[in-house]
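Protein chains in written order, with my numbering: chain A, 728 to 1059; chain B, 1185 to 1500. The beta-carbon is built from N, C-alpha and C at its ideal position, and this holds for glycine as well.
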Amino acid sequence: MADTLESAARREAAPAASPQGPTARGRQGGRARPALAPGTSGVRRFGRFLLIPAVLGWLLIGVIPLLFIAANSFFESTLGKPLRRWAGLENYQEALGDPDAVAAIVRTAAYAVGVTAASVALGLILALAVHSAWRRPSALRAALLLPLFIPPVVVGVLFKQVFNPEGGLLAVLAKAVGLPAPGVLSSTDTALLGIAAADVWEWTPLVFLLVLAALLALDSSVLEAARLDGARGLSLFRGVLWPAIAAAVAAAALIRLVLAFKVFDLVSVMTSGGPGQSTTVASYLIHRVALREFDLGRASVLTLALAIVVTLVTAPLLALNARANRLEEEPA
Amino acid sequence: MSAPTALPVREASVPAARPGPAAQAGRTPGGPSVVVRSPRRHAGSRAGFRPSVLGRVLSIVGLVGALVPPLYLVSVSLMGRDETVAGVLVPASPRWENYATVLGDSELPLAVGVSVLVAVLAALISLAGGLAAAWSIARLGLLSGRGVGVLLSPWLLPPVVAVVPLFLLLRLSGLLNTIPGLVLVYALVNLPVVLWLLLSFVAKVPSELIEAARLDGAGEWRILRSVGLPLLAPALVAVGLIVGLQNYHEFLLATFLTQGPESRTAPVVLSLFYGDRIPHVGRIAAAGVITALPPVLAALLLQRRLVSGLTHGASR
Chain A
728 MADTLESAAR REAAPAASPQ GPTARGRQGG RARPALAPGT SGVRRFGRFL LIPAVLGWLL
788 IGVIPLLFIA ANSFFESTLG KPLRRWAGLE NYQEALGDPD AVAAIVRTAA YAVGVTAASV
848 ALGLILALAV HSAWRRPSAL RAALLLPLFI PPVVVGVLFK QVFNPEGGLL AVLAKAVGLP
908 APGVLSSTDT ALLGIAAADV WEWTPLVFLL VLAALLALDS SVLEAARLDG ARGLSLFRGV
968 LWPAIAAAVA AAALIRLVLA FKVFDLVSVM TSGGPGQSTT VASYLIHRVA LREFDLGRAS
1028 VLTLALAIVV TLVTAPLLAL NARANRLEEE PA
Chain B
1185 MSAPTALPVR EASVPAARPG PAAQAGRTPG GPSVVVRSPR RHAGSRAGFR PSVLGRVLSI
1245 VGLVGALVPP LYLVSVSLMG RDETVAGVLV PASPRWENYA TVLGDSELPL AVGVSVLVAV
1305 LAALISLAGG LAAAWSIARL GLLSGRGVGV LLSPWLLPPV VAVVPLFLLL RLSGLLNTIP
1365 GLVLVYALVN LPVVLWLLLS FVAKVPSELI EAARLDGAGE WRILRSVGLP LLAPALVAVG
1425 LIVGLQNYHE FLLATFLTQG PESRTAPVVL SLFYGDRIPH VGRIAAAGVI TALPPVLAAL
1485 LLQRRLVSGL THGASR
């Protein structure tokens, strides 16, 4: 079976910004793969023509922005006048010398890893639970997927009210058991946890869905045979279930991590980065520096720093996906 | 996956980039449809299945966790100002006027229309570009596995990376604060997602059909249109829906690139409700419910398509 994510992930393990153009690679790849289409020049020309929109998009969304940002990081730049004056490393000194900015990037990485771990754990448990408890889980699955379809801004509105110490859902529940209403989003200790809770709520169903699909694809006779052999609980999980779902878990974790780094909407709606700086994640900080303080040079340095951190934190999962894929492809 | 090729092993075994033996042999012989049937097919045959009690308990806990917050939002959307601070869970008498106010006196209805329009148009463009690229890669042998990875790599980075350059590009081209501008940006941002999800589906199109069409003298363009497109229609619906939902949900780019009332999307307008001096939580919740309605309805109506697109596109 074509195993898109793992293979895509593996391909992405290659350095993202490659110096060689896609056309050069295309020619090379095509020569090595003659089994598919008759390698006539007409077919290749048509194939190249079909790639135009994707390459154009890659340039406009990927390459040009990165080059532009890299250039601006060395200039005094504003939104109105980018590249106004050569500034050397001033932006770097200013941005990376600012403890708040460094803290925001570290916070983002910690947030992304934490949220990913929580989503994967909960999604995995839920998938195993549903798989073990229902013969035909499709109706239940439909209901459990609901959070995925609600726009993140609405999720932010919803959880802002859930955490509202004056009459929110959590306050009502706390009162019912005799506890004081917690001001989750108004304390620097817990505000980021509140946002993480909304994030985990929204995206855990995706992990659940991918893992459940892998569990359901498992041949029921294998499962039955293992049960007859006395495999129960943990031994069943380790011997039969985990090998069947490991690749799906790795794939889901990778997607989840990438999505977690993109968090912006929840912060914007729920806390606006506060109280203090406690929920200022990198995207929100860059947004503020570029569009409220109009300092494009400093925003560019922060963006590059974020890009590097995302790449570093994502790399182990990309490698893990690549390995899971390789293992699976080896003939049994 | 052990097809002998001239490529280094690492790239030779990338299955999605070309239909390997498993991809070809693994398809159901029953019909040429590319969409694999929903996994419930397997579930139906789980003979001797004994439900686990712990599993049931945990599933129900999960169900409560998934459903209670949205139900709470609906409940809050029917509360007056006094009730939202009083800590009631269900309003004594539903205040439908919250909905009337939001629908009558705010930009939200227009913004929902803009959002739906932008989401659909951008998804269609992404589908066209993504299908073309996926066909080129998986059927015509263009691009190595690494080349595909490079093409997909922009999706890994947070959109905030592209936001300022896109802002300036749109301003240069006069498309800032316009619907076409936002459509174009969304279409390009999600094109890699479409390409990625479609690759496995395109690779599953039976080669025999394509060879037969070629032998009959059909041109490459004709093969894509008359053989590929009909077979891939279900996958295109599934992937289009996923991307359409992404477009509708998007907030960061929308808030940057559409400042005027005539091109604001629903999430942007919803976020502006907090600008009021004393925000009316009931009304904001009503606006949230209205904003969430189109994607939730679309997803529920096309639930099975969506699930198959996600599970077979994103993993297997």
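Item: Spatial distance of Val1367 (chain B) from Ser1447 (chain B) (CA atoms); Value: 11 Å
Item: Contact check, Leu778 (chain A) vs Leu1326 (chain B), beta carbons under 8 Å; Value: yes
Item: When A:Pro879, A:Leu986, A:Thr1007, A:His858 are compared against Val842 (chain A), the one with the closest alpha-carbon; Value: A:Leu986
Item: Contact set between Asp825 (chain A) and chain B, taken where Cβ atoms lie within less than 7 Å; Value: Those within 7 Å of Asp825 (chain A) in chain B number zero; the least Cβ separation is about 18 Å.
Item: Near-chain B residues of the stretch 786–798 of chain A (beta-carbon distance less than 9 Å), N- to C-terminal order; Value: Leu787, Ile788, Gly789, Val790, Ile791, Pro792, Leu793, Leu794, Phe795, Ile796
Item: Beta-ladder partner(s) of Trp813 (chain A), from DSSP; Value: A:Phe802
Item: Listed by chain order, chain A residues near Ile1468 (chain B) by CB distance under 7 Å; Value: Val884
Item: Length of the line joining the Cα atoms of Val1334 (chain B) and Ala1026 (chain A); Value: 25 Å
Item: Cα-Cα separation between Gly1365 (chain B) and Arg954 (chain A), rounded to whole angstroms; Value: 58 Å
Item: Interface partners of Leu773 (chain A) on chain B, CB under 9 Å; Value: For clarity, residue 773 (chain A) is Phe in the given sequence; the question names Leu instead. Per Cβ cutoff of 9 Å: Ser1320, Leu1324, Gly1403, Glu1404, Trp1405, Leu1408.
Item: Inter-residue spacing [alpha-carbon to alpha-carbon] between Gly1271 (chain B) and Ala918 (chain A); Value: 21 Å
Item: Alpha carbon of Ser962 (chain A) to alpha carbon of Val1237 (chain B), nearest angstrom; Value: 18 Å
Item: Contacting positions in the stretch 1361–1375 of chain B - beta carbon closer than 7 Å to chain A; Value: Leu1372, Val1373, Leu1375
Item: Alpha-carbon spacing of Arg1467 (chain B) relative to Val949 (chain A), whole angstroms; Value: 54 Å
Item: Ser1328 (chain B) versus Ala1371 (chain B): straight-line alpha-carbon distance, rounded; Value: 24 Å
Item: Per-residue burial, Leu1494 (chain B) [other beta carbons within 10 Å of its own, 16 or more giving buried]; Value: buried
Item: Members of the stretch 995–1013 of chain A near chain B, C-beta cut-off 8 Å; Value: Ser995, Val996, Ala1009, Ser1010, Ile1013
Item: Where Leu853 (chain A) meets chain B, residues with beta-carbon distance less than 8 Å; Value: Leu1242, Ser1243, Gly1246
Item: Which listed residue (A:Thr767, A:Val967, A:Thr835) has its alpha carbon closest to that of Val1040 (chain A); Value: A:Thr835
Item: Element boundaries [alpha helix (DSSP H), containing Val990 (chain A)]; Value: Element bounds for Val990 (chain A): n/a, residue is neither H nor E.
Item: Classification of Arg771 (chain A) by the beta-carbon crowding that lies within 10 angstroms, buried from 16 upward; Value: buried
Item: Minimum C-alpha distance to Lys1388 (chain B) - residue among B:Val1465, B:Gly1412, B:Val1344, B:Leu1477; Value: B:Gly1412
Item: Inter-residue Cα distance where the pair is Ile791 (chain A) and Leu783 (chain A); Value: 10 Å
Item: 8 Å CB neighbourhood of Leu810 (chain A) in its chain, flanking five on each side removed; Value: Ala798, Asn799, Phe802, Ser804
Item: Cα-Cα separation between Val899 (chain A) and Phe876 (chain A), rounded to whole angstroms; Value: 27 Å
Item: Contacting residues, own chain, Cβ-Cβ under 7 Å from Leu1257 (chain B) (five flanking each side not counted); Value: Ala1469, Gly1472, Val1473
Item: Sub-8 Å separation of Ile922 (chain A) and Thr1006 (chain A) beta-carbons; Value: yes
Item: Nearest-angstrom beta carbon gap, Leu936 (chain A) and Leu1247 (chain B) [assumed within contact, 8 Å]; Value: That belief does not hold up - the Cβ atoms of Leu1247 (chain B) and Leu936 (chain A) are roughly 15 Å apart, past 8 Å.
Item: Cβ contact check for the stretch 1448–1459 of chain B and the stretch 1294–1305 of chain B: 3 or more pairs under 8 Å; Value: yes
Item: Range covered by the alpha helix (DSSP H) that runs through Ile779 (chain A); Value: 768–784
Item: Buried versus exposed, by CB contacts within 10 Å (16 or more), Arg1489 (chain B); Value: buried
Item: Ile1394 (chain B) versus Gly1314 (chain B): straight-line alpha-carbon distance, rounded; Value: 20 Å
Item: Backbone CA spacing between Leu1047 (chain A) and Ala979 (chain A) [nearest angstrom]; Value: 12 Å
Item: Cross-chain neighbours of Gly910 (chain A) in chain B, by beta carbon under 7 Å; Value: Neighbours of Gly910 (chain A) on chain B: none; closest Cβ ~14 Å, over 7 Å.
Item: Neighbour flag for Ala764 (chain A) against chain B, beta carbons, 8 Å; Value: For Ala764 (chain A), the pLDDT reaches just 48, beneath the cut-off of 50, and the residue's location in the model is therefore unreliable, leaving the point undetermined.
Item: Given Ala822 (chain A) as reference, the closest of A:Ala1049, A:Ile972, A:Val1028 once Cα atoms are compared; Value: A:Val1028
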